[in-house]
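Here the structure is laid out as structure tokens; the discussion comes afterwards.
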Amino acid sequence: MIYRYAVLTRASHWLWVIAFAVLVSSGLQIFNASPNLDASDKSDPARRVLAIAAPVDGVGTTTIFGHRFVTTGWLGWTDDGMGSRGPHAFPGWITIPGYQDLAGGRRWHLFFAWAAALCWLVWLVSSAMKGNLRDMILRPSDLPKLWPMQAYYLKLRKEPPPHGTYNPLQKASYTAIGFVIAPLVVLTGLALSPGIDAIANPLTVLLGGRQFARLWHFVGMIALLGFFAIHTFQVATQGALNQMRAMITGWFRLGEHDGVGP
Amino acid sequence: MKRRIFLASSASAILTGCGPIANALNNNATVQKVLASAEGLNHALIGTRGLAREYRESDVDRNFRVNGFAPSDSRYVTLAASNFAGYRLLVDGAVDRRHAFPLGELRALPQQTQITRHDCVEGWSAIGKWSGVRLSDILDAVRPRNDARYVVFHCMDNDGMGNLYYESLDLHQARHPQALLAMRLNDAPLDAAHGAPVRLRVPTQLGYKSAKWVERIEVVGSFANIASGRGGYWEDQGYEWYAGI
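If you read the protein sequences in the order shown, they are chains A and B. Per numbering that gives the first Met the number 0, the very first residue in the first sequence carries number 0; after that it's consecutive. Per numbering that gives the first Met the number 0, the very first residue in the second sequence carries number 0; after that it's consecutive.
Written out as structure tokens, the structure is:
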């Protein structure tokens with residue numbers, strides 16, 4: 000048994016879990032107020048990537064790159080959060096508040112955006128000061144080990160490559176999420192703000208414009224959801240109880256291959 | 000296998016528990032107060048700085064999107080029928096020289112043209128070419144007193160339940176070089192749908208700040224006694240007063 004996660008890391012982890020759930024569900028509430036995503040600066044139907052609509056009462060459609068799918072009940076014509084169905088892009092059971100309320104969704108979203116970002120900053124500074132970041136960040140020397148590690152998971156290899164307390168795939172996903180995707184989601188969200196745009200217009204331009212930033216922000220959410228799905232799958236399949244205990248109490252039982260190499 | 004069933008059932012228990020918990024928290028006044036605290040942080044950190052990007056003529060939306068409905072009461076209809084000959088923009092309150100500007104007087108003042116993007120809180124945006132008088136020029140003309148802190152815009156439209164539209168800016172926001180009292184959109188006089196005869200343009204904040212159909216500008220020390228006291232029609236419905244994000 001090793002003491003793997005400091006109390007600050009564990010607290011941050013669970014705060015992020017809550018913040019992430021709130022940010023996704025309030026973000027979908029905000030999306031519902033204008034359920035289109037355009038690859039452009041101003042709104043432009045000619046450059047529409049995603050459109051969720053209710054063309055007639057009782058029918059929901061989702062149009063992706065011009066391909067239209069009927070998604071009644073799931074997207075477009077869905078649960079209105081008040082016991083019946085109506086023209087809501089994402090259903091009420093997944094949004095916060097559960098009924099149509101843009102102002103409410105914005106309050107949840109902007110508060111938890113701050114909470115998650117400040118929590119990330121505190122965690123980053125404290126981990127950097129303690130030197131823990133070194134174990135988590137993917138280095139060039141880890142790159143040749145990525146496929147052997149995956150091959151081990153796929154049972155194509157008997158032994159994993161030698162590694163430290165985190166294996167190369169874990170390092171890759173922590174680095175991608177903590178230092179690439181999450182910061183990008185923050186930046187794409189900030190680029191949507193007319194106040195930030197006036198201060199840092201190159202950021203909005205770099206992202207392809209304001210509506211494009213809204214599209215990237217949505218794509219970033221999908222990337223975070225993808226990470227969340229893989230992460231929970233790995234926890235569930237690789238000693239769920241050991242992992243959960245570690246993230247709650249800090250104590251982790253090292254596997255026979257963990258912590259034996261550089 | 001048992002462990003998987005345990006994990007799956009606890010996951011689904013968490014998911015089904017979320018809805019009622021979220022609803023209860025959403026309906027809690029203290030929770031709402033905490034959530035609303037982010038507005039102060041955004042206002043302090045982002046504030047009103049810099050200039051909104053100005054675009055080229057070719058970027059303009061010729062069919063600028065319309066939200067809301069023009070006033071339909073007889074007073075507005077009569078004013079519009081006479082090309083707003085009887086319209087006056089009254090500027091009063093905590094000022095030294097209150098004044099009612101007829102349209103001709105506003106048109107005779109130095110005009111600014113800006114091609115800026117309008118970002119609606121709903122998530123869409125559109126680009127228009129706006130011309131009119133700088134709000135700061137109007138403020139200079141009426142001279143706000145020392146106790147002045149906010150500029151309140153009273154509008155001619157109402158929500159059908161007797162609530163008139165209004166908005167407010169603080170003096171710093173009102174003196175922003177792009178804060179404009181627009182009288183023209185895309186080289187033509189404003190039409191009724193876009194806020195004729197005078198509307199506000201605040202390109203550094205979300206669209207609901209850019210009030211249409213403005214007929215009175217009241218300079219005040221506090222807006223606590225106006226309508227529900229939050230500084231604007233949408234603010235009274237729960238939207239943030241600081242709309243820079």
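Cβ atoms here follow ideal geometry from the backbone N, Cα and C, with glycine treated the same way.
- Under a 10 Å Cβ-count criterion, B/Leu168 is classified as buried, with 16 or more other Cβ atoms of the shown protein chains found around its own Cβ.
- In the same chain as A/Ala53, and ignoring 5 residues on each side of it, the C-beta atoms closer than 6 Å to its own belong to Gly59, Gly75, Trp76, Pro86, in chain order.
- Note that the C-beta distance between A/Phe110 and B/Ala43 is not below 8 Å.
- For B/Asn22, the nearest CB of chain A lies under 8 Å from its own CB, placing it at the interface with that chain.
- Here the alpha carbons of B/Leu170 and B/Gln177 stand approximately 13 Å from one another.
- Fully enclosed alpha helix (DSSP H) runs of no fewer than 4 residues occupy 73 to 80 of the region 58 to 101 of chain B, in order along the chain.
- Excluding sequence positions up to five before and after A/Leu27, its CB lies within less than 7 Å of the CB of Phe89, Ile93, Thr94, all in the same chain and listed in chain order.
- For B/Arg198, no CB of chain A lies under 8 Å from its own CB, so it is not counted at the interface with that chain.
- By the Cβ rule, the region 113 to 131 of chain B counts as touching the region 55 to 68 of chain B, because three or more pairs are nearer than 8 Å.
- By DSSP's assignment, B/Glu217 forms a beta bridge with B/Asp91, B/Val151.
- Shown here for B/Cys119: same chain residues with a beta carbon closer than 6 Å to its own, the five before and five after excluded, namely Gly206 in chain order.
- Taken through DSSP and simplified to helix, strand or coil, A/Thr174 comes out as helix.
- Using a Cβ-Cβ cut-off of 7 Å, B/Thr203 is close to Pro193, Gly194, Ala197 of chain A, given in chain order.
- Looking only at A/His12, A/Ser11, A/Leu22, the smallest Cα-Cα distance to A/Ile221 is reached by A/Leu22.
- Here A/His108 is buried: its Cβ has 16 or more other Cβ atoms, across all protein chains shown, within 10 Å.
- The DSSP-derived three-state label of A/Trp76 is coil.
- For B/Val151, the number of other beta carbons within 10 angstroms of its own is at least 16, and it is reported as buried.
- Annotation for B/Lys128: the continuous beta strand (DSSP E) segment containing it runs 124 to 133.
- Within the region 107 to 119 of chain B, Arg116, Asp118 place their CB atoms closer than 7 Å to a CB of chain A, listed in sequence order.
- Interface criterion not met: the Cβ of A/Gln169 is under 8 Å from no Cβ in chain B.
- Beta-bridge partners assigned by DSSP to A/Gly65: none are found.
- The three-state secondary structure of B/Gln113, taken from DSSP, is strand.
- Take A/Arg209, set aside five residues on each side of it, and the residues of its chain with a beta-carbon closer than 8 Å to its own are Asp40, Lys41, Ala190, Leu191, Asp196, Thr203, in chain order.
- Separation of A/Ala10 and A/Phe226 (C-alpha to C-alpha, rounded to the nearest whole angstrom) is 19 Å.
- Taking a Cβ-Cβ cut-off of 8 Å, A/Ala175 has no neighbours in chain B, whose nearest Cβ is about 24 Å from it.
- The three-state reading of DSSP puts B/Asn157 in strand, counting E and B together.
- Burial state of A/Trp13 is exposed, judged by a 10 Å Cβ sphere holding fewer than 16 other Cβ atoms.
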